[in-house]
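According to the numbering used here, the stretch in the sequence shown is residues 61 to 220, in order.
Glycine residues also receive a C-beta, built at the ideal position from the N, C-alpha and C atoms.
A short write-up of the structure that comes next.
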Amino acid sequence: MVNIDATIIAQVLNFIILLAILAKFCYKPLLKVMDDRRNRIINNLDSAEQTRLEAEELKKQYAQQLADARAEATAIVDKATKIGQKLHDDYMSQAQEEKEQLMATAREHIEQEKQQAMLDVRTEVISLATEIAGKVVSEKLTGAEDQALIAKTADKVLNK
Numbered sequence: 061m062v063n064i065d066a067t068i069i070a071q072v073l074n075f076i077i078l079l080a081i082l083a084k085f086c087y088k089p090l091l092k093v094m095d096d097r098r099n100r101i102i103n104n105l106d107s108a109e110q111t112r113l114e115a116e117e118l119k120k121q122y123a124q125q126l127a128d129a130r131a132e133a134t135a136i137v138d139k140a141t142k143i144g145q146k147l148h149d150d151y152m153s154q155a156q157e158e159k160e161q162l163m164a165t166a167r168e169h170i171e172q173e174k175q176q177a178m179l180d181v182r183t184e185v186i187s188l189a190t191e192i193a194g195k196v197v198s199e200k201l202t203g204a205e206d207q208a209l210i211a212k213t214a215d216k217v218l219n220k
């Protein structure tokens, strides 16, 4: 049989009083600390989720800005290429015009030189023909009519 004596009853009463004191002074504050910690963890998780969502939104914005910057860079390059091509075409057109103008000027100059050379040759032929005719006839032809006749004859000879 079990003997129940006063020390066991005192120990049980002390244990119950200790449990009551611990429950009142330790258990409730411990539960409060644990609730606070759980709430803090939940708030941190919510904050982390919010930060993650904001980071994803920023990532999307940066990706859009990067795409816009690339499109703008492509547009700038295309525009510069078109401007360069236009300048090239303008310079080529201008060079072609200058070449044609120089060629026309050169042709005119050549034609003038040719005419001058022909005139010089004609004058020289007339002079020589007059001198030869003067020696053949033994007298020098100096009259204007004689000079015109010789010039006409020299033109015929040169034009053949």
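Discussion item. Tell me the DSSP secondary structure of isoleucine 25 in three-state form.
Written reply: Given a span of 61 to 220 for the chain in the structure shown, any question on residue 25 remains unanswerable.
Worksheet item: Would threonine 190 be called buried (16 or more neighbouring beta carbons within 10 Å of its own) or exposed?
Response: Locating residue 190 in the sequence shown gives position 130, where the first residue counts as 1. Threonine 190 should be labelled buried.
Worksheet item: For glutamate 199, which of helix, strand or coil comes out of DSSP?
Response: Counting from one through the sequence shown, the residue named residue 199 turns up at place 139. Interpretation of glutamate 199 is limited by its pLDDT of 48, a score under 50 that renders its predicted location unreliable; the figure taken from the coordinates is listed afterwards. Residue state, collapsed to three classes: coil.
Worksheet entry | Pairwise C-alpha distance: glutamate 173 and serine 198 | By 1-based counting over the sequence shown, the position of residue 198 is 138. By 1-based counting over the sequence shown, the position of residue 173 is 113. Per-residue confidence for serine 198 stands at a pLDDT of 47, beneath the threshold of 50, marking its modelled position as unreliable; no derived number is given.
Worksheet item: Terminal residues of the continuous alpha helix (DSSP H) containing phenylalanine 85?
Response: Looking up residue 85 in the sequence shown gives position 25. Where phenylalanine 85 is concerned, there is no enclosing alpha helix (DSSP H), given that its DSSP letter is neither H nor E.
Worksheet item: Does DSSP put isoleucine 64 in a helix, in a strand, or in coil?
Response: Indexing the sequence shown from 1 puts residue 64 at position 4. Three-state DSSP puts isoleucine 64 in coil, outside helix and strand.
Discussion item. Applying the 10 Å Cβ sphere with the 16-neighbour rule, what's the burial state of alanine 214?
Written reply: Locating residue 214 in the sequence shown gives position 154, where the first residue counts as 1. So alanine 214 ends up on the buried side.
Worksheet item: Buried or exposed: where does isoleucine 210 fall if 16 or more other Cβ atoms within 10 Å of its Cβ makes it buried?
Response: Counting from 1 along the sequence shown, the entry for residue 210 is found at position 150. Within 10 angstroms of the beta-carbon of isoleucine 210 lie 16 or more other beta-carbons, which makes it buried.
Discussion item. If you measure between the beta carbons of valine 185 and leucine 147, is that distance less than 8 Å?
Written reply: If you number the sequence shown from 1, residue 185 lands on position 125. If you number the sequence shown from 1, residue 147 lands on position 87. No, the Cβ-Cβ distance between valine 185 and leucine 147 is not below 8 Å.
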